[in-house]
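K.L.:
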Amino acid sequence: MSGAVVEPIPPGTAGEIGRRARDWIPAIVVFTLGIGLWQGLTTLFDVETFLLPKPSDIATSFWDDKAALWDAAVYTFKEAAGGFAIGSGLGILAALLLARFRVIGAGLLPIAIAANAVPIIAFAPITNNWFGLLNPVSKMAIAAVLCFFPTMINTMRGLTSVHPSSIELMRSYAGGEFAIFRRVRLPSALPFMFTGLKVAAVLSMIGAIVGEYFGGPTNALGVSILNDSQLFNFPRAWAGIGLASAFGIAFYGAVALVEHFTTGWAPSARSFRSE
Amino acid sequence: MTAAPSRVVEIRGLTKSFRTGVTALQEIDLEIEAREFVSLIGPSGCGKSTLLRIIGDLIPATSGTVLVNGKAAHQARLDHDYGIVFQDSVLYDWRTVARNVSLPLEMLRWNRAKRQARVKEMLELVELTGFESNRPWQLSGGMQQRVSIARALSFDPALLLMDEPFGALDEMTRERLNMELLQIWAKAGSTVVFVTHSIPEAVFLSTRVVVMSARPGRIAEVIEVDLPQPRTATTREEPRFFELVTSVREALAAGRGDAARPAAAEDLY
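Here the protein sequences come in this chain order: Z and W.
According to my numbering, the first sequence holds residues 99 to 373 in order.
According to my numbering, the second sequence holds residues 38 to 306 in order.
So, in structure tokens, the structure goes:
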């Protein structure tokens, strides 16, 4: 923001979307070059498949068995999404309570931060025991615990880091705690909350897959990757990993899209419209 | 607005001490009549912003009475008797310019049609018609502050409290906004209490300048500004303007000289 604006700025247009698409071109070029390099080097040096399969072999393997792999990915994604919903939902709820009742917050927040340092993945065998190896809830539980902390801590930060004069302004209009919460704290916490949710979206997929490494139904992606690598079917294992990544990225993208539509006003959204 | 009492602000024996033991304000007596434009000026730490916030019931006084529109400051706040403008425009990024201006109207539960009509009127007043659907951060600092003034006046408060509203702006924008503020003041017919660091700004805008001294914050001198109304660009060039600027400067210097201890750099706010 340098010079003064003289004319009203029209709201978002097609030009903006075009500009966004152009922002992606470098990433797409780098990705394509990377795959090309991978293919070239593995062919050139004749790298063993168990070390690193060629991208073409991985793609063929995926194509040959796409229905089963896709079903497995969808099954795992459902676990991840369930865990995300539970963990993030509870995280937001906890943040609201902790921000509202500061005394409890002051007591619980350090514990929450300490708990965040616990390697939660290590609990996967335990939750498998609690809810049953074949029960998707056992994987959801791991995903949920992973999602809880980033969502809670970020939302909490958003709710409590409101500028004091924003609050004074509401008080000057005789606004009470609830009005301040609804009209100031909540909207200004949204960008923070989405930062947490985007981290959680990625973590949920990791949680579900790692949970499956400790046992689960054969139609789950984590179990499929584990079995393939034990049977030396590395291209298929890599295809599974690729699919897991694609679902993780898509989930992240979906959350980012919701973020764009709900907090398009936020500073992070400014970057692509400034000159 | 119902016929407001002619005395808009009445402060008697006001003292404010902070828990740290610092006395921010000591024995302040001040009366402000309707349609006055009163500036509070003084060194950092003289408690001028604190005084403004006590008038607005945003922080409590330690002792003494503060009446706004003849009521206790607390009641006046609940009755929406004043609008406030901060140094930072405090516009909400998640609201458009129009919705920022209508925020106090929403708090007052005005219906949509009435709100829209008033927002249109207010944006005309501050010459921002056409910017209704822009976001605050798309505007320059001076424009943001005009939105903030429109918001503060949207519900016709008897009193307008301004805490260094132009302090963060460049000199040219500041002088232009000073002119605009005076025009708005003339049209809106409100009473203004204006905190500033700038001596020329205080003299140019005010009908009275309250000079404060620091540690503890006291009223050192009250200077009547007898420059003719309406003030124009040439007001700043009149000999009387310079005389008044000099008197304010001398009063500030005298206030500093009286202080037993040298003023520290900290700002007590």
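Glycine included, every Cβ here is placed at the ideal spot set by N, Cα and C.
All values derive from a computational prediction rather than experimental measurement.
1. Check whether the Cβ atoms of Ser100 of chain W and Glu70 of chain W sit closer than 7 Å, and answer yes or no.
2. Counting only beta-carbon separations shorter than 7 Å, does Tyr271 of chain Z have a partner in chain W?
3. Using Cβ-Cβ distances below 9 Å, what residues of the stretch 262–288 of chain Z are close to chain W?
4. Which chain B residues sit within Cβ distance under 7 Å of Trp168 of chain Z?
5. Return the CA-CA distance between Phe83 of chain Z and Phe143 of chain Z, expressed in angstroms with no decimal places.
6. Under 8 Å by Cβ, that's how I've got Pro173 of chain W and Leu128 of chain W pegged, so tell me the actual separation to the nearest angstrom.
7. Cβ of Asp118 of chain W less than 7 Å from any chain Z Cβ?
8. To the nearest angstrom, report how far apart Arg211 of chain W and Phe241 of chain W are at their CA atoms.
9. Use the C-beta contact count for Gln328 of chain Z: other C-beta atoms within 10 angstroms, 16 or more gives buried, fewer gives exposed.
10. With a cut-off of 7 Å, does the C-beta of Pro141 of chain W fall near any C-beta of chain Z?
11. Nearest-angstrom Cα distance between Asp304 of chain W and Leu198 of chain W?
12. Give a yes or no on contact between the stretch 208–217 of chain Z and the stretch 244–257 of chain Z, applying the rule of three or more CB pairs nearer than 8 Å.
13. Among all the DSSP beta bridges, which residues are the ones paired with Tyr119 of chain W?
14. Ignore the nearest five residues each way along the sequence and tell me which others in Ala290 of chain W's own chain have a CB closer than 7 Å to its CB.
15. How would you call Asp295 of chain W, buried or exposed, if buried means at least 16 neighbouring beta carbons within 10 angstroms?
16. How close, in whole Å, do the beta carbons of Ala170 of chain Z and Asn317 of chain Z come, if the pair is a contact with beta carbons under 8 Å?
17. Are the C-beta atoms of Met216 of chain W and some chain Z residue less than 7 Å apart?
18. Which residues does DSSP list as the beta-bridge partners of Met249 of chain W?
19. Given this structure, state the Cα-to-Cα distance separating Leu219 of chain W from Asn106 of chain W, to the nearest angstrom.
20. Indicate the three-state DSSP secondary structure (helix, strand or coil) for Lys53 of chain W in the structure shown.
21. Starting from Ser186 of chain Z and walking both ways along the alpha helix (DSSP H), at which residues does that stretch end?
22. If we cut at 7 Å on Cβ distances, does Ala239 of chain Z have a partner in chain W?
23. Can you tell me whether DSSP reads Gln153 of chain W as helix, strand or coil?
24. 7 Å is my cut-off, CB to CB: does Trp363 of chain Z come that close to chain W?
25. Just to confirm, are Met144 of chain W and Tyr271 of chain Z a CB contact at a threshold of 7 Å?
26. Are there three or more Cβ pairs, one per stretch, closer than 8 Å when the stretch 329–341 of chain Z is compared with the stretch 255–266 of chain Z?
27. Does the distance from the C-beta atom of Arg177 of chain Z to that of Pro223 of chain Z stay below 7 Å?
28. I want to verify the contact list: residues of chain Z whose CB lies under 9 Å from the CB of Met144 of chain W, in sequence order.
29. Can you list, in chain order, the stretches of the alpha helix (DSSP H) that have 4 or more residues and sit fully within the stretch 141–185 of chain W?
30. Is the separation between the beta-carbon of Ser302 of chain Z and that of Ala352 of chain Z shorter than 7 Å?
31. Given that a residue counts as buried once 16 or more other Cβ atoms are within 10 Å of its Cβ, and exposed if not, what is Asn148 of chain W?
P.N.:
Working from what's here:
1. As a first step, residue 100 of chain W must be located in the second sequence, where it is residue number 63. As a first step, residue 70 of chain W must be located in the second sequence, where it is residue number 33. Going by C-beta atoms, Ser100 of chain W is not nearer than 7 Å to Glu70 of chain W.
2. Position 173 of the first sequence, counted from the first residue, corresponds to residue 271 of chain Z. So, interface residue.
3. Flagged, chain order: Ser263, Ser264, Glu266, Leu267, Met268, Arg269, Ser270, Tyr271, Ala272, Gly273, Ala277, Arg281, Val282, Pro285, Ser286, Leu288.
4. Annotation note: the requested chain B is absent from the structure, which comprises protein chains Z and W.
5. Given a span of 99 to 373 for chain Z in the structure shown, any question on residue 83 of chain Z remains unanswerable.
6. By 1-based counting over the second sequence, the position of residue 173 of chain W is 136. By 1-based counting over the second sequence, the position of residue 128 of chain W is 91. With 8 Å as the limit, Pro173 of chain W and Leu128 of chain W qualify as a contact, their Cβ atoms being about 4 Å apart.
7. For the purposes of this step, residue 118 of chain W is taken as the residue at position 81 of the second sequence. Chain Z contact via Cβ: absent.
8. For the purposes of this step, residue 211 of chain W is taken as the residue at position 174 of the second sequence. For the purposes of this step, residue 241 of chain W is taken as the residue at position 204 of the second sequence. Going from the Cα of Arg211 of chain W to the Cα of Phe241 of chain W covers about 12 Å.
9. Position 230 of the first sequence holds residue 328 of chain Z. Sixteen is the threshold: since fewer than 16 other Cβ atoms of the shown chains lie within 10 Å of the Cβ of Gln328 of chain Z, the residue is exposed.
10. The count along the second sequence starts at 1 and reaches residue 141 of chain W at position 104. Yes - at least one Cβ of chain Z is within 7 Å of the one on Pro141 of chain W.
11. Residue numbering aside, residue 304 of chain W sits at position 267 when the second sequence is read from its first letter. Residue numbering aside, residue 198 of chain W sits at position 161 when the second sequence is read from its first letter. At Asp304 of chain W, the pLDDT of 41 sits below 50, so the modelled position is not reliable and the matter cannot be decided from this model.
12. Under the Cβ criterion (8 Å, minimum of three pairs), the stretch 208–217 of chain Z counts as touching the stretch 244–257 of chain Z.
13. By 1-based counting over the second sequence, the position of residue 119 of chain W is 82. Tyr119 of chain W is bridged to W:Leu196.
14. For the purposes of this step, residue 290 of chain W is taken as the residue at position 253 of the second sequence. There are no such residues.
15. For the purposes of this step, residue 295 of chain W is identified with residue 258 of the second sequence, where counting begins at 1. Confidence at Asp295 of chain W is low in this model, with a pLDDT of 48, below 50, so its placement is unreliable and the value that follows should be read with caution. Asp295 of chain W comes out exposed.
16. Within the first sequence, numbered from 1, the residue matching residue 170 of chain Z stands at position 72. Within the first sequence, numbered from 1, the residue matching residue 317 of chain Z stands at position 219. Contact holds; Cβ gap of about 6 Å.
17. Walking along the second sequence from the start, residue 216 of chain W turns up at place 179. No, Met216 of chain W lies away from the interface with chain Z (no Cβ there is under 7 Å from its Cβ).
18. Residue 249 of chain W sits at position 212 when you count from the first residue of the second sequence. In the DSSP assignment, Met249 of chain W is bridged to W:Ile256.
19. Indexing the second sequence from 1 puts residue 219 of chain W at position 182. Indexing the second sequence from 1 puts residue 106 of chain W at position 69. Whole-angstrom Cα-Cα distance: 22 Å.
20. The count along the second sequence starts at 1 and reaches residue 53 of chain W at position 16. Correct three-state label for Lys53 of chain W: strand.
21. Within the first sequence, numbered from 1, the residue matching residue 186 of chain Z stands at position 88. Counting along the chain, the alpha helix (DSSP H) containing Ser186 of chain Z begins and ends at 164–198.
22. By one-based count along the first sequence, residue 239 of chain Z stands at place 141. Ala239 of chain Z does not count as touching chain W.
23. Counting from one through the second sequence, the residue named residue 153 of chain W turns up at place 116. Looking at Gln153 of chain W - three-state DSSP - the assignment turns out to be helix.
24. Looking up residue 363 of chain Z in the first sequence gives position 265. It does; some Cβ of chain W falls within 7 Å.
25. Within the second sequence, the letter at position 107 stands for residue 144 of chain W. Within the first sequence, the letter at position 173 stands for residue 271 of chain Z. In contact: Met144 of chain W and Tyr271 of chain Z (Cβ atoms closer than 7 Å).
26. No: the two stretches stay apart, fewer than three of their Cβ pairs being nearer than 8 Å.
27. Translated into the one-based positions of the first sequence, residue 177 of chain Z becomes position 79. Translated into the one-based positions of the first sequence, residue 223 of chain Z becomes position 125. Inspection of the sequence shows that residue 177 of chain Z is occupied by Glu rather than by Arg. Not closer than 7 Å, so no.
28. Within the second sequence, residue 144 of chain W is the residue found at index 107, counting from 1. Per Cβ cutoff of 9 Å: Met268, Tyr271, Ala272, Gly273, Ala277, Arg281.
29. 149–162
30. For this step, residue 302 of chain Z is matched to residue 204 along the first sequence. For this step, residue 352 of chain Z is matched to residue 254 along the first sequence. Ala352 of chain Z sits away from Ser302 of chain Z, with the two beta carbons spaced by 7 Å or more.
31. By 1-based counting over the second sequence, the position of residue 148 of chain W is 111. Exposed: under 16 other Cβ atoms inside 10 Å.
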